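Positions in the sequence shown are counted from 1; adding 947 to them yields the numbering used here. Beta carbons are placed, not taken as given, at the ideal position from N, Cα and C, and that holds for glycine. If you're wondering where the values come from, they're calculated on a predicted model, not measured in any experiment.
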Amino acid sequence: MIQFIHFIYSAPNFIATFILSFCLLYWIIVMLGAIDMDMFDIDIDVDVDMDADMDVDADTSGNSVAGVTWLHKVLHFFNLGRIPFMIWLTIVGLITWFGVVSINYFLRLDSFLIGVLIFIACFIVSMLVSKPIMYPLVRLFDAIENTEGLKNAVGQIGEVRFSNRGTQPGEVEIVHDGSHIKIYALPSSQEIKLTKNQKVLVIAKSEDDDQVYIVEPYN
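This is how it looks when you write it as structure tokens:
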């Protein structure tokens, strides 16, 4: 047993073991009731309001938005932001740990640098492997968000998470009965631009798309 502990905390396995140990300690503390489950949750939202504090030309702005949008799609593909971060990290971390420890055991590696490279490779593979494993959890948390509060979003006050870009809707987060509900939103007029962290009032559903709501600034 002591040899096993020494092995999993050896240089090539240290990063993977540290992440897994952190996750296990986190869940033990949560079960003891010392902290809330979402205490270390990370809001993985990418700010697409690139020109809120600076002026950029049209081409540069377009490229920036396209790049950020692409990054957001990648994060979404790997389920980041779709389930609580600590659940995501625990699943990916466990798969990564098995991969790293197994490879280092069979290859008898003892180099920290090589261990880092193996960890990175296993982490990327683990994100792909864990995607179908997380599917039931994604469905569960999507169902939790699609509550009655979302159906009755009109009249609710929310906070802008993503700015709108012309006819491209932004994203607004509404806190309803302790649940954080995100909706797509457009301003009530073209003269209004939604900016991050701005308070808005949901006034109606879009006539063009019933998945998009119309909002206006709320002071």
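Sorting Ile1139, Phe961, Ala1151 and Ser1136 by C-alpha distance to the C-alpha of isoleucine 1130 places Ala1151 at the top.
Sequence-distant Cβ neighbours of glycine 1102 in its own chain, meaning closer than 7 Å and more than five residues away, are Val1149.
Annotation: the continuous alpha helix (DSSP H) that includes alanine 963 extends over 961 to 979.
Taking the CA atoms as reference points, leucine 979 sits about 27 Å from arginine 1086. In the DSSP secondary-structure assignment, valine 1122 is bridged to His1127. For tyrosine 1160, the enclosing beta strand (DSSP E) has its first and last residue at 1159 to 1164.
For leucine 1054, there is no enclosing beta strand (DSSP E); the residue is part of the alpha helix (DSSP H) that begins and ends at 1032 to 1054.
Fewer than three beta-carbon pairs drawn from the region 1066 to 1083 and the region 1111 to 1120 are found closer than 8 Å, and the two stretches are therefore not classed as touching. Rounded to whole angstroms, the gap between the alpha carbons of leucine 1084 and isoleucine 1030 is 7 Å. Separation of valine 1147 and aspartate 1155 (C-alpha to C-alpha, rounded to the nearest whole angstrom) is 20 Å. Inter-segment contact for the region 1047 to 1057 and the region 1019 to 1026 is absent: fewer than three beta-carbon pairs are separated by less than 8 Å. Valine 1047 sits away from methionine 1074, with the two beta carbons spaced by 7 Å or more. In the DSSP assignment, isoleucine 1139 falls outside any beta strand (DSSP E), carrying neither H nor E. Measuring C-alpha to C-alpha distances from alanine 963 to each of Phe1066, Ile952, Gln1158 and Ile1061 identifies Phe1066 as the nearest.
Between the alpha carbons of methionine 1033 and leucine 1064 lies a distance of about 23 Å. When C-alpha distances from leucine 971 are compared across Pro959, Trp1035 and Gln950, the shortest belongs to Trp1035.
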